[in-house]
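Accompanying notes for the structure given below.
Protein chains: 2
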Amino acid sequence: MKNKKLFSATRLPRFALATAGAASGLHATVVDQIGLRIVQGDFPPGEALPTADDSTEMLGVSRTVLREAIKVLAGKGLVESRPRTGTRVRPRADWNFLDPDVLSWRYAAGVSADDVKALFELRRAIEPMSAALAAQRATPEQVADLNAALAEMEEVCDDGERFAKPDLLFHQTILRMTGNELIGSLAALVETALIMSFRLSNDNPGGQRHSLPLHREVARKIAAGDGAGAQKALLVLIDNAEEDVRRSVENRNRRRAEREQTS
Amino acid sequence: MKNKKLFSATRLPRFALATAGAASGLHATVVDQIGLRIVQGDFPPGEALPTADDSTEMLGVSRTVLREAIKVLAGKGLVESRPRTGTRVRPRADWNFLDPDVLSWRYAAGVSADDVKALFELRRAIEPMSAALAAQRATPEQVADLNAALAEMEEVCDDGERFAKPDLLFHQTILRMTGNELIGSLAALVETALIMSFRLSNDNPGGQRHSLPLHREVARKIAAGDGAGAQKALLVLIDNAEEDVRRSVENRNRRRAEREQTS
DNA sequence: TATCATATGAATAGTATGAAGAATAAAAAA
DNA sequence: TTTTTTATTCTTCATACTATTCATATGATA
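Line order of the protein sequences matches chains A and B. For the first sequence, my numbering assigns the number 1 to the initial residue and increments by one for each residue that follows. For the second sequence, my numbering assigns the number 1001 to the initial residue and increments by one for each residue that follows.
Below you can see the structure in the form of C-alpha cells.
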C-alpha cells in the first residue's frame, strides 16, 4: 500500500540557455527538487530534512537515487548527513552560491532589487577587468569568435528569444579570452544575469537593440588591444544592463502591488 | 579471489585550514581520489573512466559508494555518465573551478608561476572591491570580528602554523561584510591562495610579520567607513602577497632545477 | 549488386531492494 | 554526575533487474 508517485517526477522547466548542466537521470530531478526547496527556504539552515525512508516514499524513488541526490547536494555545500541526526541543511555561509545549479535555484522563483544588486556587483568586478585582460591576451581565433557572436546578435536583435544565445556567448567568450580558468568558471553567473534580463525584458519594447552599440564598442576595443578602453566600455554596458533590469523589477513589483490593492 | 584494497582507502592528507568541506565517509575518499586524478590530468577530458565494475574492484568499494562519488563529480562539472558509453571526463571549460574541492585538487600537487598569476588576478578583482563595500555596509559586530582576527594575527605572528587561521578569517570576514552571498562564496579562493602562501613561506624568514601593518591599515580604513581607502590598502596588501608567493615559487623552482642538474 | 531500413544482441550505466554495520544522541541506570 | 544502554538514522555491501545505446547482422528494396 505504498503511496508512491506523490510528487510527479518531472523535472523543473528549467530555463536552459546553452551551457546549462547537462545532468540527466532520475537522480537529477531529485537534486533539483530538494535543492530548490532548500535554497528557496522550505528547509531553513539547521533544520533536518525528512528521513531517508520518508523522502523515498514521498518522492517515489529508491534509496539509491535519493542517496545520490543527497551526496550531490552535500558536494555543493547545502547539506550534511550524519547518523542518528539525519541530514541537516548547512548554514547559508557554507553554500556554494557560485555553483551553476545553486545559482539557478537561487533566482528561479524571481528576483528582488537586492538580488539584482548582488549579481551586478560581482559582474562589475569581473567583467570589465576580464575585458582588459582579453584585449591583451586574446588569440585571433577568439577575436573571431567574439565577432561572430556579435554578428549573430545584430542579425536577430529583434527576436528576444534568439538574441539570448549569442549575447551569452559574447560575454562568456570574453571571460574565456582571459585565459584564466577561474574566471571562466564564472560563466554561470553571467548566464543567470542574462536569463534574468530576458525574463524581464517584456517591459522593454524595442528588444535588445539598444545594447548593440555598446557591445560593438567592447568588441572593437578588445580587437584593437586597447585594454583600458575595453574595460571602460564593458563597465558602461553593465551599468546600462543593470539599470534595465532594475527598472523592470520595479515595474513588475509596482504592478503586482497595484493588483493586490485592487483585489 | 577478489583483489580488494588495491588502493588504500585513506583520505588525502588534505590541508584543512578552517572551513574546508566537512564531507566525511567512504564515498568522500573516492571523490577525492578520482577528482584529484582527473584535475591533475590522469584522465584527460574526453577520455572514459574505467567502467563501474573495474573501478569498484580497483578501489575496493561497492558500486553504491562509487556511484555516489561519480554523481558528486558530475555535480561539479567534471564528468558525465551515459549508458553504454561509460563515464567520460567533460571539457575543462565545464569544470567548476570555483568549487572548493576542485580548487584544492587543482593546486594540491604544487603551483606554477601561471597558477599564482591566475589566483591573484581574481583576488585582485574581488577583494579590494569587497573592502570598499565592507566599509560602507559592515555592522559593528562584523567590525569587531575583523579586529578580533587582527588581534589574533598580531599575537601569533611568529608562528607560521597558527598564523594561518586568523589570517584566513580576516579575509573571509571582509568578504562576508559585503553582505553579498555570491562574494562570500569566493572564500574558498582566498583559502587556497593563503594555503599556497603558507606552504611556501618556509623561504620567508621573519614569518608573516611584515604583512601585519598592511592588514592593520585595511581594518582601520574599513572601520572608519573609508571605502576608497580600504580598497587601496587591500590592493597593496594583495600586491605584496603575490610578490611573496611569486618569489617563493621562483626560488623553489630554481632550487629544484639545481638539484636535478647536480644529480 | 548496392543501399537503406530494421531487428538483434552486447555492453554499460541506472534503479530497486534487503540486510548487516557503525555512529551517535537521547534515555536509562548506576 | 557519570556510565551504560537503547533506539534511530545514516552507511555500506551485495545482488537482481531495467533501460539506453551503440554495433552488427539481417533483410527488403531500388
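Quick reminder that beta carbons are idealized off the backbone N, C-alpha and C, glycines included. Nothing here was measured: the structure is a model prediction, and the numbers come from that model.
For residue 187/A, is the classification buried or exposed, using 16 other Cβ atoms within 10 angstroms of its Cβ as the cut-off for buried? By the C-beta density criterion, residue 187/A is buried, having at least 16 other C-beta atoms within 10 angstroms.
With a 10 Å radius around its C-beta and 16 neighbouring C-beta atoms as the bar for buried, classify residue 260/A as buried or exposed. exposed
Report yes or no: is there a C-beta of chain B within less than 9 Å of the C-beta of residue 43/A? no
Residue burial classification, residue 24/A (beta-carbon count within 10 angstroms, cutoff 16): exposed
Host beta strand (DSSP E) of residue 1039/B (start-end): No beta strand (DSSP E) holds residue 1039/B; the alpha helix (DSSP H) holding it covers 1026-1039.
Taking all protein chains shown into account, decide if residue 35/A is buried (16 or more other Cβ within 10 angstroms of its Cβ) or exposed. buried
Using beta carbons (cut-off 9 Å, strictly below), is residue 198/A in contact with chain B? With a threshold of 9 Å between beta carbons, residue 198/A makes no contact with chain B.
Buried versus exposed call for residue 240/A [16 or more other C-beta atoms within 10 Å across all chains shown]: Using a 10 angstroms sphere on the CB of residue 240/A, the tally of other CB atoms stays under 16, which defines it as exposed.
Give the single residue among 130/A, 82/A and 121/A whose Cα lies nearest to the Cα of residue 48/A. 82/A
Pull up the distance between the alpha-carbon of residue 1190/B and that of residue 1164/B, whole angstroms please. 12 Å
So residue 1030/B packs on residue 1065/B, CB below 8 Å; how close in whole Å? 6 Å
Bounding residues of the alpha helix (DSSP H) (the contiguous stretch that carries residue 173/A): 160-177
I want to see whether chain A comes within less than 9 Å of residue 1012/B, judged by CB atoms only; does it? Only weak support exists for where residue 1012/B lies, its pLDDT of 44 falling under 50; the coordinates are left without a value.
Between 46/A, 94/A, 113/A and 119/A, which has its C-alpha nearest residue 87/A's C-alpha? 46/A
Mapping DSSP to helix, strand and coil, what is residue 47/A? coil
Is there at least one Cβ from chain B nearer than 9 Å to residue 232/A's Cβ? no
From 42/A, 248/A and 124/A, residue whose alpha carbon lies closest to that of residue 78/A: 42/A
Return the CA-CA distance between residue 1005/B and residue 248/A, expressed in angstroms with no decimal places. For residue 1005/B, the pLDDT reaches just 34, beneath the cut-off of 50, and the residue's location in the model is therefore unreliable, although a value from the coordinates is still provided. Computed Cα separation, rounded: 59 Å.
Sequence-distant residues of the same chain with beta carbon closer than 6 Å to residue 231/A, five excluded per side: 128, 131 and 132
Of all Cβ atoms in chain B, is any one closer than 9 Å to the Cβ of residue 176/A? yes
Whole angstroms is fine: what's the gap from residue 11/A's alpha carbon to residue 72/A's? Note that residue 11/A scores a pLDDT of 43, beneath 50, so its modelled location is shaky; the value from the coordinates is reported in the next line. For residue 11/A and residue 72/A, the distance between alpha carbons rounds to 16 Å.
Comparing C-alpha positions only, which one of 1068/B, 1039/B and 1059/B sits nearest to residue 1027/B? Taking only the C-alpha atoms, the option nearest residue 1027/B is 1068/B.
Is it a yes or a no for the segment 190-200 of chain A touching the segment 105-116 of chain A, going by three-plus beta-carbon pairs under 8 Å? yes
Find the nearest neighbour of residue 168/A within the set 149/A, 158/A and 237/A, judged by alpha-carbon distance. 149/A
Rounded straight-line distance, which links the Cα of residue 1152/B to that of residue 1160/B: Their Cα atoms are separated by approximately 13 Å.
Report yes or no: is there a C-beta of chain A within less than 9 Å of the C-beta of residue 1095/B? For residue 1095/B, the nearest CB of chain A lies under 9 Å from its own CB, placing it at the interface with that chain.
Any beta carbon from chain B within less than 9 Å of residue 186/A's own beta carbon? yes
Residue 1089/B (DSSP reduced to helix, strand or coil): strand
With a threshold of 9 Å between beta-carbons, can residue 1195/B be considered close to chain A, or not? no
According to DSSP, is residue 1082/B helix, strand or coil? strand
Confirm, please, whether the CB-CB distance from residue 1214/B to residue 1233/B is below 9 Å. yes
So which residues of chain B does residue 153/A contact, with C-beta pairs closer than 7 Å? Residues of chain B passing the Cβ test: none, with the nearest at roughly 21 Å.
Would you say residue 107/A touches the ligand ADP, meaning its beta carbon is less than 8 Å from a heavy atom? The ligand content of the structure shown is nil, which means the ligand ADP is not present either.
Which residues in the same chain have their Cβ closer than 7 Å to the Cβ of residue 1245/B, if we skip the five residues on either side of it in sequence? 1116, 1196, 1197 and 1200
Can you pull out the residues from the segment 1228-1260 of chain B whose beta carbon lies closer than 9 Å to at least one beta carbon of chain A? none
Buried versus exposed, by CB contacts within 10 Å (16 or more), residue 1118/B: By the C-beta density criterion, residue 1118/B is buried, having at least 16 other C-beta atoms within 10 angstroms.
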